[in-house]
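J.:
Residue numbers (our numbering): 22 to 223.
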């Protein structure tokens, strides 16, 4: 069936597990997750599943883009360069779309505890100088070359992000009215603490 360097039994709490390690060319592996609570384990499982899905997409497509907000910044700058060639209200829409794309690196900077304004100024400056791989290095808190630091993401993921966001925005913009459901006759409406109905009629 195969070769293994070590087969041993380990005990974790009340559970006994058999570990087969140092295998030659293993076709399958198991990942052991441990956590203090079921909630922690669920979060770990979701995070691991997401990470494996990202790696799977990159291997299947064979195409990646620079992470750290580098790709989003480059797209936003390209849109701003293109906007003046359109004119009219469409130009404003394109510029607004560019602003929306830049939310990605801004949010990344905020989540890393960095100043989003300073980071965006540095990233834009680097991209204007031709460094299209410049992004936010959250470990060192500075703008750096993402490709050299191996900070990448699958092209499929980047495309899906923009498509999903665009579809959601389009759906919201198409809403031109809101219809509230009226209470059916003969049924009692729930009352709030003030004695008034919790349902509004339009």
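Heads up, the beta-carbon is just placed ideally off N, CA and C, and yes, glycines get one too.
My output table needs one value for residue 119: the three-state DSSP class, helix, strand or coil.
T.: Here residue 119 refers to the residue found at position 98 when the chain shown is read from its first residue. Here residue 119 sits in helix by DSSP.
J.: Tell me the rounded alpha-carbon separation between residue 174 and residue 124.
T.: Taking the chain shown and counting its residues from 1, one reaches residue 174 at position 153. Taking the chain shown and counting its residues from 1, one reaches residue 124 at position 103. One C-alpha to the other measures close to 17 Å.
J.: Take residue 26 as the anchor and find which of 37, 43 and 193 has the nearest alpha-carbon.
T.: If you number the chain shown from 1, residue 26 lands on position 5. If we check each option's Cα against that of residue 26, 43 comes out closest.
J.: Taking the alpha carbon of residue 132 as the point to measure from, which residue in 162, 105 and 148 has its own alpha carbon closest?
T.: Stepping through the chain shown from its first residue, residue 132 is reached at position 111. Here the closest residue by C-alpha is 162.
J.: Note down, in chain order, each residue of its chain lying with its Cβ closer than 7 Å to the Cβ of residue 52, except the 5 sequence neighbours on either side.
T.: Here the question's residue 52 lines up with position 31 in the chain shown. If we look at residue 52 and ignore the five residues flanking it on each side, its Cβ neighbours are 69.
J.: Would residue 65 and residue 54 qualify as a contact pair, given that the criterion is a beta-carbon distance under 7 Å?
T.: One-based indexing of the chain shown puts residue 65 at position 44. One-based indexing of the chain shown puts residue 54 at position 33. Yes, the Cβ-Cβ distance between residue 65 and residue 54 is below 7 Å.
J.: Specify, as a first and last residue, the run of the alpha helix (DSSP H) that residue 84 falls within.
T.: The sequence position of residue 84 within the chain shown is 63, counting from 1. No alpha helix (DSSP H) holds residue 84; DSSP gives it neither H nor E.
J.: By how many angstroms is the C-alpha of residue 200 removed from the C-alpha of residue 76?
T.: As a first step, residue 76 must be located in the chain shown, where it is residue number 55. As a first step, residue 200 must be located in the chain shown, where it is residue number 179. So the alpha carbons of these two residues sit roughly 44 Å apart.
J.: So which of 30, 100, 86 and 140 has the shortest CA-CA distance to residue 167?
T.: Taking the chain shown and counting its residues from 1, the one referred to as residue 167 is at position 146. Answer by Cα proximity: 86.
J.: For residue 144 and residue 185, what's the separation of their Cα atoms in angstroms?
T.: Within the chain shown, the letter at position 123 stands for residue 144. Within the chain shown, the letter at position 164 stands for residue 185. Using only the alpha carbons, I get a separation of about 25 Å.
J.: Can you grab the Cα-Cα spacing for the pair residue 61 / residue 33, in whole Å?
T.: Here residue 61 refers to the residue found at position 40 when the chain shown is read from its first residue. Here residue 33 refers to the residue found at position 12 when the chain shown is read from its first residue. Approximately 17 Å between the Cα atoms of the pair.
J.: Tell me the residue span of the alpha helix (DSSP H) that contains residue 139.
T.: As a first step, residue 139 must be located in the chain shown, where it is residue number 118. Looking at the DSSP string, the run of the alpha helix (DSSP H) that includes residue 139 is 137-149.
J.: Using the C-alpha atoms, what's the distance from residue 110 back to residue 228?
T.: Coverage of the chain is limited to positions 22 through 223, which leaves residue 228 absent and any answer about it impossible.
J.: Along the chain, where does the alpha helix (DSSP H) that runs through residue 103 open and close?
T.: Here residue 103 is taken as the residue at index 82 of the chain shown, counted from 1. Residues 91-103.
J.: Helix, strand or coil for residue 222 per DSSP?
T.: By 1-based counting over the chain shown, the position of residue 222 is 201. Since pLDDT at residue 222 reaches only 49, below the 50 mark, its modelled position is unreliable, and no value is offered.
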